[in-house]
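One structure is given here, and the rest of the page talks about it.
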Amino acid sequence: MRSAIIVFLSMYFCTSCDAVKADKDSVKKEVHTLLVNWHQAATDANFENYFGAMDSLSVFIGTAAEEVWTKAQFQTFSKPYFDKGKAWSFETLERNVSVSDTGNFVWFDELLKTWMGTCRGSGVLEKTGGVWKIKQYVLSVPIPNADIQAVIAIKNKEDALFLEKYQQSSFRANE
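Our numbering puts the first residue of the sequence shown at 2, with every later residue one more than the last.
See below:
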């Protein structure tokens with residue numbers, strides 16, 4: 002009897018593990034589809050679909066140090082591009098998606114082909130009420146290690162101006 006219980010419990014836990022893996026695979030497919038459609042909405046200049054994928058409290062972090070936008074700020078910045086019928090086009094080269102144990106949070110990174118060359122995007126999504134929403138997206142421009150010194154030299158002037166403005170502002174991290 003005892004060995005039958007052990008066999009039953011082992012089968013139950015193995016089945017449960019397979020179900021969790023299947024659920025996580027399903028979540029990854031859902032998120033992949035959402036992100037493909039999100040990037041396509043920008044390519045198609047579909048303002049409603051693009052911003053509809055973002056949570057009302059989402060943040061978009063761009064490539065410049067000062068580019069930390071709430072959804073409303075990013076909509077204001079982006080609207081003229083969408084209105085002209087051409088926003089931007091990001092082609093995903095690869096994407097890695099990780100799923101929380103509860104299955105309602107994911108984080109991802111993606112390698113992108115863009116008008117700026119190769120970029121990296123990363124972000125966080127949350128599922129509430131059965132709907133995935135982008136909570137945060139970060140776009141960055143990777144710099145080859147061999148070129149970093151040249152890029153630092155180019156950035157020095159702009160960084161000094163940004164830091165001066167930043168230090169005079171009321172914004173401080175973690176306050």
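Glycine is no exception: its CB is placed at the ideal position from the N, C-alpha and C atoms.
What whole-angstrom Cβ distance do G124 and F109 have, given they're in contact under 8 angstroms?
On the sequence shown, position 123 is the one that residue 124 refers to. On the sequence shown, position 108 is the one that residue 109 refers to. Indeed they touch by this definition, with Cβ atoms about 6 angstroms apart.
Within the continuous beta strand (DSSP E) that includes I62, where are the two ends?
Within the sequence shown, residue 62 is the residue found at index 61, counting from 1. Looking at the DSSP string, the run of the beta strand (DSSP E) that includes I62 is M55 to I62.
Consult DSSP for V132 and reduce its assignment to one of helix, strand or coil.
Sequence index remark: in the sequence shown, residue 132 carries index 131 (1-based). DSSP, reduced to helix, strand and coil, places V132 within a strand of the structure shown.
My guess is that K156 and D56 are in contact by the Cβ rule of under 8 angstroms, so how many angstroms apart are they, rounded?
Within the sequence shown, residue 156 is the residue found at index 155, counting from 1. Within the sequence shown, residue 56 is the residue found at index 55, counting from 1. With a Cβ gap of about 32 angstroms, K156 and D56 do not count as contacting.
Measure the alpha-carbon distance for S141 versus R121 and round it to whole angstroms.
On the sequence shown, position 140 is the one that residue 141 refers to. On the sequence shown, position 120 is the one that residue 121 refers to. Near 5 angstroms, if we compare the C-alpha coordinates of R121 and S141.
Return the CA-CA distance between D19 and V139, expressed in angstroms with no decimal places.
To locate residue 19, count along the sequence shown from 1; it is residue 18. To locate residue 139, count along the sequence shown from 1; it is residue 138. Residue placement at D19 is flagged as unreliable, the pLDDT there being 44, under the threshold of 50; the coordinate-derived value follows with that caveat. For D19 and V139, the gap between their C-alpha atoms comes out near 32 angstroms.
Could you check how far apart the C-beta atoms of V28 and V100 are, in whole angstroms? I think they sit under 8 angstroms.
By one-based count along the sequence shown, residue 28 stands at place 27. By one-based count along the sequence shown, residue 100 stands at place 99. V28 to V100, Cβ: 5 angstroms. Contact.
May I ask which residues mark the beginning and end of the alpha helix (DSSP H) holding V152?
Locating residue 152 in the sequence shown gives position 151, counting from the first residue. I149 to Q169 is the extent of the alpha helix (DSSP H) around V152.
Looking only at C-alpha atoms, which of A154, K30, T64 and E31 sits nearest to I119?
In the sequence shown, counting from the first residue as 1, residue 119 sits at position 118. The question names Ile, but residue 119 in the sequence shown is Thr. Closest option to T119, Cα to Cα, is T64.
How is W70 classed by DSSP in three states: helix, strand or coil?
For the purposes of this step, residue 70 is identified with residue 69 of the sequence shown, where counting begins at 1. Looking at W70 - three-state DSSP - the assignment turns out to be strand.
Would V21 be called buried (16 or more neighbouring beta carbons within 10 Å of its own) or exposed?
For this step, residue 21 is matched to residue 20 along the sequence shown. Because V21 sits at a pLDDT of 49, beneath the cut-off of 50, its placement in the model cannot be relied upon, and the point is left open.
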